[in-house]
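Undergrad:
There are 2 protein chains.
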Amino acid sequence: MKADTPVSCQLRVRFTRGSDIALGPGKVDLLEAIDRHGSISKAAASMHMSYRRAWLLVNTMNRCFKSPLVETRRGGDEKGGTRLSAQGQSVLGHYRDLEAAMRSAGEKNMEAILDLIVAPDTD
Amino acid sequence: MKADTPVSCQLRVRFTRGSDIALGPGKVDLLEAIDRHGSISKAAASMHMSYRRAWLLVNTMNRCFKSPLVETRRGGDEKGGTRLSAQGQSVLGHYRDLEAAMRSAGEKNMEAILDLIVAPDTD
Numbered sequence: 001m002k003a004d005t006p007v008s009c010q011l012r013v014r015f016t017r018g019s020d021i022a023l024g025p026g027k028v029d030l031l032e033a034i035d036r037h038g039s040i041s042k043a044a045a046s047m048h049m050s051y052r053r054a055w056l057l058v059n060t061m062n063r064c065f066k067s068p069l070v071e072t073r074r075g076g077d078e079k080g081g082t083r084l085s086a087q088g089q090s091v092l093g094h095y096r097d098l099e100a101a102m103r104s105a106g107e108k109n110m111e112a113i114l115d116l117i118v119a120p121d122t123d
Numbered sequence: 001m002k003a004d005t006p007v008s009c010q011l012r013v014r015f016t017r018g019s020d021i022a023l024g025p026g027k028v029d030l031l032e033a034i035d036r037h038g039s040i041s042k043a044a045a046s047m048h049m050s051y052r053r054a055w056l057l058v059n060t061m062n063r064c065f066k067s068p069l070v071e072t073r074r075g076g077d078e079k080g081g082t083r084l085s086a087q088g089q090s091v092l093g094h095y096r097d098l099e100a101a102m103r104s105a106g107e108k109n110m111e112a113i114l115d116l117i118v119a120p121d122t123d
């Protein structure tokens with residue numbers, strides 16, 4: 001346990017489509033990593049995630065949204081041909097804005113609750 | 001799958017103290033039920049939860065906060081002697097306000113993302 005982060009507040013926003021998780025914090029982090037690295041395998045490696053898992057998450061997202069969030073050209077992953085579509089960029093931007101707006105709006109009540117929690121003993 | 005709720009957005013706010021979850025949606029629902037029923041056992045029953053599980057959740061909350069959120073007089077549970085403390089009422093109020101403020105602040109971006117998700121086939 002890190003002594004400098006004894007108590008904290010986590011916010012999770014999750015979009016579901018039937019029993020599928022269309023979008024959540026992990027998938028959004030993956031979108032951001034794909035945007036940065038231009039490759040699913042490099043994005044997966046940067047997140048210490050298997051390629052297979054990253055591919056499955058991308059597959060679920062692409063299936064849940066009206067058009068794919070991640071575009072991979074044929075044989076493209078190894079050659080840097082993977083990127084976010086315009087809709088992928090849009091969804092990523094909306095999600096980050098959503099988190100920021102929520103954090104900001106909730107800050108006062110969040111702090112009030114955090115102030116009432118006992119700091120844990122230093123281990 | 002209910003046809004009238006095909007896609008949705010869930011918000012979860014969780015407060016942690018070290019490895020303990022001090023407060024989250026389930027514990028807040030339990031606080032609300034205890035406030036309504038004046039009894040841990042009745043609150044548990046109303047949530048289809050075992051008395052043991054409810055008691056453990058209350059125990060974790062009481063341990064994590066500076067003063068107990070739930071007060072039970074000796075032998076009080078069966079006699080309706082269980083209630084939220086002033087701090088319990090305060091934490092419950094702050095959490096519900098927090099959720100409402102976040103939902104309201106995030107509504108626009110939330111709707112923008114929901115609009116891009118495919119509605120599932122009717123099963």
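Sequence lines, in order, name chains A and B. Per this note's numbering: the first sequence = residues 1 to 123. Per this note's numbering: the second sequence = residues 1 to 123. Note that CB positions come from ideal geometry on N, CA and C, so glycine has one too.
1) Find the residues of chain B that neighbour glycine 88/A, judging by a C-beta separation of less than 8 Å, and give them in chain order.
2) Express the C-alpha separation of leucine 116/B and threonine 72/B in angstroms, rounding to a whole number.
3) Have a look at the DSSP bridge pairing and note the partners of glutamate 71/B.
4) Span of the beta strand (DSSP E) holding leucine 11/A?
5) Mind pulling the chain A residues with CB within less than 7 Å of methionine 110/B?
6) Which residues in chain A sit within 9 Å of glycine 106/B, going by Cβ to Cβ distance?
7) Are the beta-carbon atoms belonging to leucine 84/A and leucine 69/A less than 8 Å from one another?
8) Use the C-beta contact count for serine 50/A: other C-beta atoms within 10 angstroms, 16 or more gives buried, fewer gives exposed.
9) Could you name the residues of the same chain whose beta carbon sits closer than 7 Å to that of asparagine 160/A, not counting the 5 residues immediately before and after it, in chain order?
10) Taking DSSP as the reference, what is the three-state secondary structure of glutamate 107/A?
11) Assuming leucine 31/B and glycine 81/B are in contact, meaning their beta carbons sit under 8 Å apart, how far apart are those beta carbons, in whole angstroms?
TA: Taking the definition as stated:
1) Walking along the first sequence from the start, residue 88/A turns up at place 88. Within chain B, no residue comes near glycine 88/A; the closest Cβ sits about 10 Å away, beyond 8 Å.
2) Numbered from 1 along the second sequence, position 72 holds the residue referred to as residue 72/B. Numbered from 1 along the second sequence, position 116 holds the residue referred to as residue 116/B. Cα-Cα distance, rounded: 49 Å.
3) The sequence position of residue 71/B within the second sequence is 71, counting from 1. Glutamate 71/B pairs with Arg83/B.
4) On the first sequence, position 11 is the one that residue 11/A refers to. Taken as a continuous stretch (DSSP letters only), the beta strand (DSSP E) holding leucine 11/A covers 7-17.
5) As a working note, residue 110/B is residue 110 in the second sequence. The answer, in chain order, is Leu98.
6) Here residue 106/B corresponds to residue number 106 of the second sequence, with the count starting at 1. The answer, in chain order, is Val13, Asp97, Leu98, Glu99, Ala101, Met102 and Ala105.
7) Taking the first residue of the first sequence as position 1, residue 84/A is located at position 84. Taking the first residue of the first sequence as position 1, residue 69/A is located at position 69. Yes, Cβ-Cβ distance for leucine 84/A and leucine 69/A is below 8 Å.
8) Here residue 50/A refers to the residue found at position 50 when the first sequence is read from its first residue. Exposed.
9) As displayed, chain A neither begins before 1 nor continues past 123, which places residue 160/A out of reach and without an answer.
10) To locate residue 107/A, count along the first sequence from 1; it is residue 107. DSSP places glutamate 107/A in helix when its eight states are reduced to three.
11) Here the question's residue 31/B lines up with position 31 in the second sequence. Here the question's residue 81/B lines up with position 81 in the second sequence. That belief does not hold up - the Cβ atoms of leucine 31/B and glycine 81/B are roughly 17 Å apart, past 8 Å.
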